[in-house]
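Q:
Protein chains in written order, with UniProt numbering: chain A, 1 to 359; chain B, 1 to 359; chain C, 1 to 359; chain D, 1 to 359; chain E, 1 to 359.
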């Protein structure tokens, strides 16, 4: 169920730093895209091999290397070799079950977190499925690597901004780019939460009109998804507060305020998730009560029918007896009188029940 | 549902500092009102353009600029330009989904929090709707800006006090004005909580007299509203403790005690909200129990009727059988004796049930 | 419901420091009683006006001024004026909705907390009502003011002790008197908790013998009262730990250990309140289960009657049919045999049910 | 119910340091036993009066004075006088409602905590009753006093060890003795928890085989006892961490590691208590579900009987009607055919219900 | 039930440092295996007595001594003697009820934690049983001792790595070996959690298809196991953060990052355990609701049958009465018309019930 967190046992017993990709999704080939920019130009060279990247090291500009798909382990291995990255970091990049965290090394920073997006099927099948993608960010002085699990358009708006803008993003360093990347990833969560919000509204409407046992399954499904979302988003708080506390040379004074902004977003997401939790608990309460109310309704019908007709049947039963000496059987008005009883008794009972608020 | 917190996804993918107004309410034109006061005079000039404000910068007096309605983004933009405000702050002012917070800049302080007021419909429809308005405060040395989402009379009593008083408020600086503004906003919450208190009393009375499934819906509605109120009020605690810890030159030694007073109010609000939560949980327990009690009542009626008349019907059924050799059918006293049975049996059963406390 | 915390909205929009009394109880006239003592004499002068107090300032002895009833706002105002008390403190004294707190000023200390006592009606009506009285303490070098909401005998034992003792209390300063006052107020809570304990025992006994829906109401009532008690007592922890941490000149080294003693009491009260909470939750569980058990009982009666008599009625119904060709009707032993069936069938069914543990 | 914590209200209004014994148990006479030991000899003099103790002060050996029974207040008073103990400490020793705590004085340490033991009745009546005894420890340089509420054999193994051992305990100081005493008291809790564990197993077995409303009472009883145990054991954590943090001259460097060991035990006890809480909550869930399952069973019997026999009775009723024109009544095979119906219909219904998983 | 934590009461009253083995499992003989390695060679001498180990002290290489089975107390005693280990540490090694902890001594470090593995029976009987093994690690400068409760293959992959690798593990010191051992133990938990995850999926599928009271027992069983797992894993967090904070000479700068990696794993495990808790709570909710839904179903059948046939039986009863003057009895069409009633009435009722959503 919690795919994003399962199957790590595959690596048990391996030496630390063994570069094996641990992930659950159908793997795609690795795509490398590079954008190299300074305050003046933007270049988007096509890159085939890791060696092609080395020439950007001499340049003064910021180079952002985005790798999508983690199947080709050697690529990561080569980057590790050329850029002198600690083997544990490389291992964490490839093992997609990391807890969001921030680590400082002498020459670079390592950030890993989860990108959450609404699953395709989710939209169609009226279900709510979240895809969890691990995104690793390596920040060097004028190099930023991002490692994503699959190809999507998450960073497209940011890339557009780099291409067209001539403002802040182009003139500031790799720390500002890191901020912009984090911001893209974190803000995606708002889309998710809005959709969660709509889903809760739908379920609530369903609960008040016609709750079925499916509604319960939906609530539980959402609750579970929320548990997973929480596991991905709540460590982001720590992550960002660690960045804010850091005095690493790669995090400039000026970008500090931007990271604080992301931190605020993360806090808001985290509070939203908590309040959705409370709301789902409330929905469950309504569900349980409405089931119990429905049972009440059913019991009332039964009670009305039984309480009215059982006495009448008894009365009819009396005059169905075959005693020889039953004077009423011979009276002319017995039968009509009995009809009067048959009609008034239910009326009396129902009004009595209504008065007593039993019905 | 949580309108005050939704739809932020609109901005996803935008560069930071993009000045777009993100809000949910029918927008009104921006109204600018200015009050400029010193220990001697009060002036309330009518102001049309942002440039009109600049002349007050030279004056020694305190100038309070109150903007209501955020639709005209350019006004905020111009203020940002003339007063040299960080683009992220401007963005936060316009995006009305901020978490309450306090930020210090070299020349100014930025405070953002939520003003809570009881919605109009709420009063009429016997419902409890809270309107959440984001209020941003920018504090300069002798300038204070407040940005509100819509026009209302929240600050009227304070403005009156400035006009008429000749005491503290007129002689102290912009920090005291900030305190007075915060105090107005925070104290409004007490009105809300009193009204919440009354609503809880009404629901409790309803629960004890005649609980319907509507009562449950009311409880859930209140619970949800409380979750939202909590999200708005609980970060105010942090906000005020941040102000109290701050040693920014704009917060004077003398006003410290006033902020501490607001802090006490905020703590009290926060504790009230928590205890309302507990009370609502208690109401839910009563509701569930009372539904279950009602079911019990209904079941008892059914049981009484069934347990009494089913045996009687059986007895009547016996003497409705058509066997040739049924001596009782011919006895003269059978029928009257049976009537005795028909009458005593129920009496015996009912007294037995009562003794056993089943009824 | 939470009277002690409501209606503060009355003051919304007022300037800070406006001396208006905000309280809920039928107000009484203010009574001023003074006790002035040193290690040698005790004097209890009768005092009419605030000015009468001023002469005690020159004396070296400790003067304890106890004001009961807050209606005469001018008295408080005058004390404020003569003793140079901050307007916010005066406001807090008169507004009886304060959160317990401890504040240090240059020349004096301000302590405000709640005195809890069992309401009169409570004792009679077998209910549990708590009265919350706000008590403010102003501690000067050789002056102590206490402001109470109404007249009662809370401080009588302490006053007796001052009158008769020649020991510690007479020789130590205003800090020891403060300790003694706090101790009186805090220890009163134990009386309350003992009475709460008895009430819980009564409810538990009721639950095990004969739970009614009234029992539920009692549990909820107690739960609510406990929420309020908790709101009053839990901030006392902070209050006392603030006093213990304080290094104000008015709190002597020697009285420190006494405040620590009060702190221990406060901790114990706070833990008791928490464990009563847990116990009430347990009582609610028993209530719900016992309601459900009772329903089970009722259902069983119904089931026994229905399961036994419905088949029998069917059998009787068979031989009430009017077919011409029903050979059994003519047999001599049919009727007696059927009686055997009518008697053995129920016996068989009941033993079967018992064996299956259904009954 | 929480005897160990009740009735403290007796002392309300008393001056601090009034030496009155506040306790609930049938009091016993005070027994004083003394053991005086050094690395060479052990002496166990019989002691009648407090004055007899004084001669041990000159000796270099460690003297452990164990007082059992607190009725004779004068003994405690005299010890207080001769050993110069703060009146509040004496008061705490005699008032057996203390919260576990550790206090440092210039010449001595004061430790008070609860000794928990399984009550006598508990063992017999298959119930679980815990006796709470307050144990105070006064640690001087070469004197240790322990004050217990009643006479039991808690310290017997320790005394034996002092008598026979020639190792560490005999050569180390009063701090090591204090450790050994604390260890005896704390380790007794493990016995209690083991017995709690067994009790939970018994209840669980009962729940799975045959839950009665008695089972619920047992669960609640255990839950309550657990609340009390928790109140006694959880402050021990603070107590020991205070000892560990202390740098009082009476706590030697070398015994530090021993106190850390007790601290580990206390942590383990505290975690056990928490997990028993969770388990009891789980048992309650099973209870509620099993009651509800049983109700289901009963309802099913009713439903089977009613659904099968009510239609059959109706069919029999049809042919019990007295219409003149009912051709079936005259057919020869009507009655046998009806019997076929009477037999097949129930079979069909039951198989249908089974297929639908309703039964 | 909580075997890993029970029966410690066996040692109550013993002097600290008494070397008695306290454990629950069928004991095995102690097996000593030694692996001695440096960057060049690996040696695996067979060792019979503790004295055989002493010769490795002079060597520069790292010696890892792994003891499996704790029955032979003397072995541990001798190690304690030769390597000068504190008696309390020896006691902790032998008493298998320790809380995971990390302790620093002058010459060595002591780490104790729990190794969790899936019990054998668990796999077969479709149950989930966890075996808890206490593992103690003593870290010296070039010696590492591990004490395990029984023989298994937990460290086999690690030993293989030492044998074959020529990289980091062979060139780094005893701290890296300690890391590798901890990593093996901690990573085993992932296997457990994966299996827990599968078990939850199985239960959930069962719940949605056909919940029985067995399902409830399974849920409770898992919940209990989770409580125990939590008790073993959550103190590992403290343990590792203590290692990370430590500046003991035996923990090198270079291995710090490796311990941080284990710390991340421990955090992830701890979060997983928490989320499984939430999921189990969710499963319980579904169970309760599904039981209640099933009851509803049963009630509906009863209601349909009763509501339809009881009125019909009454009608049939009317015409079974024996009055002389019942004109309908003689009409030719009475009987056919009644059949029409008998058929239409149920149809009408069922459609009415369906419209009202009662069925």
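A virtual CB, placed ideally from N, CA and C, is assigned to each residue, including glycine.
Which residues of the segment 300-322 of chain E have a Cβ closer than 8 Å to any Cβ of chain D? Give them in chain order.
A: Those residues of the segment 300-322 of chain E that come within reach of chain D (Cβ to Cβ, closer than 8 Å) are 301, 302, 305, 306, 309, 310, 312, 313, 316, 317, 319, 320, 321 and 322.
Q: Do residue 66/C and residue 93/C come within 9 Å of each other at the CB atom, strictly closer than that value?
A: Stepping through the third chain from its first residue, residue 93/C is reached at position 93. Stepping through the third chain from its first residue, residue 66/C is reached at position 66. Taking 9 Å as the Cβ cut-off, residue 93/C and residue 66/C do not qualify as a contacting pair.
Q: Taking Cβ positions, are residue 113/B and residue 130/B nearer each other than 9 Å?
A: Taking the first residue of the second chain as 1, we reach residue 113/B at position 113. Taking the first residue of the second chain as 1, we reach residue 130/B at position 130. Not a contact, by the Cβ cut-off of 9 Å.
Q: Against chain F, does residue 289/A count as a neighbour if the rule is that its beta carbon must be under 9 Å from one of theirs?
A: Absent from the structure is chain F; the protein chains it does hold are A, B, C, D and E.
Q: Where does residue 99/D sit, in a helix, a strand or coil, going by DSSP?
A: Taking the fourth chain and counting its residues from 1, the one referred to as residue 99/D is at position 99. Residue 99/D: coil per DSSP, three-state reduction.
Q: Residue 257/C and residue 88/D - do their beta-carbons sit closer together than 9 Å?
A: What you label residue 88/D is simply residue 88 of the fourth chain in a count that begins at 1. What you label residue 257/C is simply residue 257 of the third chain in a count that begins at 1. In this structure, residue 257/C lies closer than 9 Å to residue 88/D by Cβ.
Q: Give a yes or no on contact between the segment 305-321 of chain E and the segment 241-248 of chain A, applying the rule of three or more CB pairs nearer than 8 Å.
A: At 8 Å Cβ cutoff, the stretches do not touch.
Q: In this structure, what does DSSP give as the bridge partners for residue 113/B?
A: By one-based count along the second chain, residue 113/B stands at place 113. Residue 113/B is bridged to 135/B.
Q: State the Cα-Cα distance for the pair residue 280/A and residue 144/D, rounded to the nearest angstrom.
A: Here the question's residue 280/A lines up with position 280 in the first chain. Here the question's residue 144/D lines up with position 144 in the fourth chain. Roughly 58 Å between the two C-alpha positions.
Q: Quick one: what's got a C-beta closer than 6 Å to residue 339/E's C-beta in the same chain, skipping five residues either side?
A: One-based indexing of the fifth chain puts residue 339/E at position 339. If we look at residue 339/E and ignore the five residues flanking it on each side, it has no Cβ neighbours.
Q: What does a CB cutoff of less than 8 Å around residue 169/A pick up in its chain, not counting 5 residues either side in sequence?
A: Within the first chain, the letter at position 169 stands for residue 169/A. Result list for residue 169/A: 161, 162, 176, 177 and 180, in chain order.
Q: List in chain order: all unbroken beta strand (DSSP E) runs of 3+ residues lying wholly within the segment 208-258 of chain D.
A: Taking only runs of at least 3 residues, no beta strand (DSSP E) segment lies wholly in the segment 208-258 of chain D.
Q: Kindly indicate which three-state DSSP category residue 353/E falls into: helix, strand or coil?
A: Counting from 1 along the fifth chain, the entry for residue 353/E is found at position 353. Correct three-state label for residue 353/E: helix.
Q: Work out the CA separation of residue 103/B and residue 152/B for me, nearest whole Å.
A: The residue given as residue 152/B occupies position 152 in the second chain. The residue given as residue 103/B occupies position 103 in the second chain. Those two C-alpha atoms are separated by around 26 Å.
Q: From residue 240/A to residue 266/E, what distance separates their C-alpha atoms?
A: Stepping through the first chain from its first residue, residue 240/A is reached at position 240. Stepping through the fifth chain from its first residue, residue 266/E is reached at position 266. Roughly 20 Å separates the two Cα atoms.
Q: Would a check of beta-carbon distances place residue 101/B closer than 9 Å to chain C?
A: The sequence position of residue 101/B within the second chain is 101, counting from 1. No, no contact with chain C.
Q: Could you tell me the distance, in whole angstroms, from the CA atom of residue 30/E to the CA atom of residue 197/D?
A: The residue given as residue 30/E occupies position 30 in the fifth chain. The residue given as residue 197/D occupies position 197 in the fourth chain. Each residue's Cα considered, the two are about 30 Å apart.
Q: Got a sec? Which residues, its chain only, sit under 8 Å from residue 84/D by beta carbon, not counting five neighbours each side?
A: In the fourth chain, counting from the first residue as 1, residue 84/D sits at position 84. Cβ neighbours of residue 84/D beyond the five flanking positions: 107.
Q: Counting only Cβ pairs nearer than 7 Å, list the residues of chain A close to residue 279/E.
A: The residue labelled residue 279/E in the question sits at position 279 within the fifth chain. Neighbours of residue 279/E on chain A, chain order: 224 and 227.
Q: With DSSP as the reference, identify every bridge partner of residue 36/C, one or two as the case may be.
A: As a first step, residue 36/C is located in the third chain; it is residue number 36 there, counting from the start. BP columns for residue 36/C point to 43/C and 63/C.
Q: Using alpha carbons as the reference points, say which of 262/C, 278/C and 82/C lies closest to residue 228/D.
A: The residue you call residue 228/D lines up with position 228 of the fourth chain. That would be 278/C, whose Cα lies nearest to the Cα of residue 228/D.
Q: If you draw a straight line from the C-alpha of residue 318/C to the C-alpha of residue 217/D, how long is it?
A: As a working note, residue 318/C is residue 318 in the third chain. As a working note, residue 217/D is residue 217 in the fourth chain. Residue 318/C and residue 217/D: Cα-Cα distance of roughly 49 Å.
Q: Out of curiosity, what's the CA-to-CA distance linking residue 62/D and residue 36/D?
A: Position 62 of the fourth chain, counted from the first residue, corresponds to residue 62/D. Position 36 of the fourth chain, counted from the first residue, corresponds to residue 36/D. The alpha-carbon atoms of residue 62/D and residue 36/D are separated by roughly 6 Å.
Q: Let's test the definition: count the other Cβ atoms within 10 Å of the Cβ of residue 341/D and tell me whether it reaches 16, buried, or not, exposed.
A: In the fourth chain, residue 341/D corresponds to position 341, counting from 1. When all chains shown are included, residue 341/D counts as exposed.
Q: Just the C-alpha distance for residue 137/E and residue 172/E, rounded to the nearest angstrom, thanks.
A: By one-based count along the fifth chain, residue 137/E stands at place 137. By one-based count along the fifth chain, residue 172/E stands at place 172. Approximately 18 Å between the Cα atoms of the pair.
Q: For my contact list, residue 295/E and residue 296/D are in at a C-beta cut-off of 8 Å; report their separation, rounded to the angstrom.
A: Here residue 295/E refers to the residue found at position 295 when the fifth chain is read from its first residue. Here residue 296/D refers to the residue found at position 296 when the fourth chain is read from its first residue. Rounded, the Cβ-Cβ distance is 5 Å, consistent with contact.
Q: As a quick exercise: from 34/D, 58/D and 209/D, pick the residue whose alpha carbon is nearest that of residue 48/D.
A: Taking the first residue of the fourth chain as position 1, residue 48/D is located at position 48. Checking every option, the nearest Cα to that of residue 48/D belongs to 34/D.
Q: Between residue 86/A and residue 119/E, what straight-line distance do the alpha-carbon atoms span, to the nearest angstrom?
A: Mapped onto the first chain, residue 86/A falls at position 86. Mapped onto the fifth chain, residue 119/E falls at position 119. Cα to Cα, the separation comes out at about 37 Å.
Q: Do residue 346/A and residue 308/A count as a contact pair if the criterion is CB distance below 9 Å?
A: Looking up residue 308/A in the first chain gives position 308. Looking up residue 346/A in the first chain gives position 346. Their beta carbons are under 9 Å apart, which means residue 308/A touches residue 346/A by this criterion.
Q: If I measure Cβ to Cβ from residue 243/E and keep anything under 6 Å in the same chain, skipping five residues before and after, which residues do I get?
A: Taking the first residue of the fifth chain as position 1, residue 243/E is located at position 243. The answer, listed in chain order, is 102 and 259.
Q: Using a C-beta cutoff of 9 Å, does residue 123/E count as contacting chain D?
A: For the purposes of this step, residue 123/E is taken as residue 123 along the fifth chain, with counting starting at 1. Per-residue confidence for residue 123/E stands at a pLDDT of 47, beneath the threshold of 50, marking its modelled position as unreliable; the derived number appears in the next sentence. No, its Cβ sits nowhere closer than 9 Å to a Cβ of chain D.
Q: Residues of chain C with a CB under 8 Å from the CB of residue 365/D: which are they?
A: Since the first and last residues shown for chain D are 1 and 359, residue 365/D lies out of range.
Q: First and last residue of the beta strand (DSSP E) that includes residue 146/A?
A: Within the first chain, the letter at position 146 stands for residue 146/A. Looking at the DSSP string, the run of the beta strand (DSSP E) that includes residue 146/A is 143-148.
Q: For residue 44/E, count the other beta carbons within 10 Å of its own beta carbon; 16 or more makes it buried, fewer makes it exposed. Which is it?
A: Working through the fifth chain from its first residue, we reach residue 44/E at position 44. Counting Cβ neighbours within 10 Å, residue 44/E comes out exposed, since fewer than 16 surround it.
Q: Please list the partners that residue 231/A has in chain E, where partner means a Cβ-to-Cβ separation under 7 Å.
A: Within the first chain, numbered from 1, the residue matching residue 231/A stands at position 231. 271 and 275, listed in chain order.
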